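Protein chains in written order, with our numbering: chain A, 1 to 227; chain B, 1 to 227. Glycine residues also receive a C-beta, built at the ideal position from the N, C-alpha and C atoms. On a predicted model such as this, the values are computed, not experimentally measured, just so you know. As structure tokens, the structure follows; a few thoughts come after it.
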DNA sequence: AATTGTTTTAAACACGCGTTTAACTGTCGT
DNA sequence: ACGACAGTTAAACGCGTGTTTAAAACAATT
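What follows is the structure in structure tokens.
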């Protein structure tokens, strides 16, 4: 091959944001090829058809996002509370990115809401491992007698709180004034809030009555280096 | 007008489920009119174009869902804990319906994820009042000194937990075996779990350590009559 | 019964879509 | 030098889309 996968990769990089922004139906092959500076026929040449390009774009989005914000390997001795805090921060970071949610996340989001063939392996390769990781952390935080299904529900409660800011950010933006968003809705602050609320529910820290004395911003997230 | 809004209403009733299932781009005017047993030109005759039909369908979905599962008027004396439980149950009921999420909810869901003109008033007329209601309940549960933005974050945490099962049900279905879903993920059980976890976080009930003694199914939701 | 205005109809329109074709370009092995 | 082949190109194809049209059907009023 001469230039073989050069065009293929440019196509993928152009398809990702386009599908993320407009969905499978809304995005057009022509626009994607225009962005990629590639002939329209390239999509059929390299991927067969639009749908297989879409599936490839979803896979690539997952891989990219995972290496952008990987889950750290924790030391055995690290307290479960700290692991949970970092887990939540990473979850929020993946979902919200630095400013707005990156196209990789938005694309996976669409896949979650309107599952196609790509969804099954998305869950298997991407979400399942993270969820098991979370369950492992919870194992250290809740009494051993609590059944697995309860831990899973607790896990969903934690994930759900993070997920909300991704999935319903349009609602949050309309409910909360812009200046309050800027002041109190940064990733670290939300992570601290969710972590504190969750730990309080599990009895690992005092309930909210005491939170006044240590508001979320007072205790910054343990620093870790995602790069 | 003779038969005027008969066709108009049939059109709306057909458009709702269609838009909910396939989205604005995916749904076709022809298919909608076929369902409604109406000529294709009716859409332009009554609504002008496809987009205004969509907006009308969203508005109608909101109105329908609100009267299907209304928020009750609570007695002044009702403990805040009970109000919260009922609020959560209603939220979950609206989102999950009896079996799967009804088309009204799915349609509003699409609007939340990919906001169009209809989103702004959807928040203003539908979500804002409910959120204020929730904040009112939280006022009775948290110390007076806790600032408003903290209560809002707590509100989002509660809403987020419910919202997750609507927005990510494809993921939940893939993560949790079918039989466990049937056994432990009924509306009342989830409502009990979310309510208990939230109250524990606020210090209104003992933390999860004590939950073993009173698992979510043990204390059924107070009955109320939505009809 | 004739007239007016509203609603419904079948057919067509213009356009954009995903996909295909067939010719062309460049690169390599022989 | 030349044939074989991967890569690229412009143009076209067939189809489905939202929308429009002009006539027919209908109901109400005069």
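With 9 angstroms set as the bound, which would you pick, yes or no: does the beta-carbon of residue i sit closer than that to a beta-carbon of chain B?
i: residue 58 of chain A; result: no
i: residue 77 of chain A; result: no
i: residue 218 of chain A; result: In this predicted model, residue 218 of chain A has a pLDDT of only 42, less than 50, meaning its place in the structure is not dependable; the value taken from the coordinates is given anyway. For residue 218 of chain A, the answer is no, since every Cβ of chain B falls outside 9 angstroms of its Cβ.
i: residue 83 of chain A; result: no
i: residue 109 of chain A; result: yes
i: residue 26 of chain A; result: yes
i: residue 191 of chain A; result: no
i: residue 8 of chain A; result: no
i: residue 186 of chain A; result: no
i: residue 194 of chain A; result: yes
i: residue 198 of chain A; result: yes
i: residue 90 of chain A; result: no
i: residue 22 of chain A; result: yes
i: residue 160 of chain A; result: yes
i: residue 15 of chain A; result: no
Less than 8 angstroms between the CB atoms is what I'm expecting for residue i and residue j, so what's the real figure, rounded?
i: residue 111 of chain A; j: residue 119 of chain A; result: 5 angstroms
i: residue 58 of chain B; j: residue 108 of chain B; result: 7 angstroms
i: residue 165 of chain B; j: residue 95 of chain B; result: 7 angstroms
i: residue 148 of chain B; j: residue 175 of chain A; result: Actually they do not touch by this definition, with Cβ atoms about 12 angstroms apart.
i: residue 56 of chain B; j: residue 47 of chain B; result: 6 angstroms
i: residue 161 of chain B; j: residue 203 of chain A; result: The pair is not a contact, with the Cβ atoms about 18 angstroms apart (cut-off 8 angstroms).
i: residue 157 of chain B; j: residue 194 of chain A; result: 7 angstroms
i: residue 104 of chain B; j: residue 167 of chain A; result: About 18 angstroms separates the two Cβ atoms, so there is no contact after all.
i: residue 20 of chain A; j: residue 106 of chain A; result: 4 angstroms
i: residue 38 of chain A; j: residue 60 of chain A; result: At roughly 16 angstroms, the Cβ-Cβ gap does not stay under 8 angstroms, so residue 38 of chain A and residue 60 of chain A are not in contact.
i: residue 93 of chain A; j: residue 115 of chain B; result: Incorrect: roughly 24 angstroms between the Cβ atoms, too far for contact.
i: residue 25 of chain B; j: residue 51 of chain A; result: The Cβ separation is near 15 angstroms, so there is no contact.
i: residue 201 of chain A; j: residue 201 of chain B; result: 4 angstroms
Excluding sequence positions up to five away, which residues of its chain have a Cβ less than 6 angstroms from the Cβ of residue i?
i: residue 32 of chain A; result: 14, 15 and 18
i: residue 275 of chain A; result: Given that chain A is displayed from residue 1 to residue 227, the structure contains no residue 275 of chain A and the question cannot be resolved.
i: residue 151 of chain A; result: 135 and 138
i: residue 126 of chain A; result: 62
i: residue 53 of chain A; result: 15, 43 and 47
i: residue 180 of chain A; result: none
i: residue 172 of chain A; result: none
i: residue 74 of chain B; result: 83
Any beta carbon of chain A sitting closer than 9 angstroms to that of residue i?
i: residue 149 of chain B; result: yes
i: residue 201 of chain B; result: yes
i: residue 156 of chain B; result: yes
i: residue 32 of chain B; result: no
i: residue 104 of chain B; result: no
i: residue 38 of chain B; result: no
i: residue 113 of chain B; result: yes
i: residue 152 of chain B; result: yes
Between which two residues does the alpha helix (DSSP H) holding residue i run?
i: residue 149 of chain A; result: 148-167
i: residue 139 of chain A; result: 128-141
i: residue 30 of chain A; result: 29-36
i: residue 39 of chain A; result: Careful: residue 39 of chain A lies outside any alpha helix (DSSP H) and carries neither H nor E.
i: residue 124 of chain B; result: No alpha helix (DSSP H) contains residue 124 of chain B, which DSSP labels as neither H nor E.
i: residue 56 of chain B; result: 50-68
i: residue 235 of chain A; result: With chain A running from 1 to 227 in the structure shown, residue 235 of chain A is simply not present.
i: residue 179 of chain B; result: 178-184
i: residue 107 of chain B; result: 103-113
i: residue 84 of chain A; result: 80-96
Apart from the five residues on each side of it in sequence, which residues of its chain come closer than 7 angstroms, Cβ to Cβ, to residue i?
i: residue 155 of chain A; result: 131, 134, 135 and 138
i: residue 23 of chain B; result: 110
i: residue 71 of chain B; result: 90, 130 and 133
Please work out which residues of its chain come closer than 8 angstroms, Cβ to Cβ, to residue i, disregarding the five sequence neighbours upstream and downstream, and give them in chain order.
i: residue 41 of chain B; result: none
Handout entry: Chain-ordered residues of the region 115-141 of chain A with a beta carbon less than 9 angstroms from chain B
Key = 115, 119, 120, 122, 123, 124, 127, 128, 131 and 141
Handout entry: Within 8 angstroms of chain A by C-beta, residues of the region 164-184 of chain B in sequence order
Key = 164, 165, 167, 168, 170, 171, 172, 174, 175, 176, 180, 183 and 184
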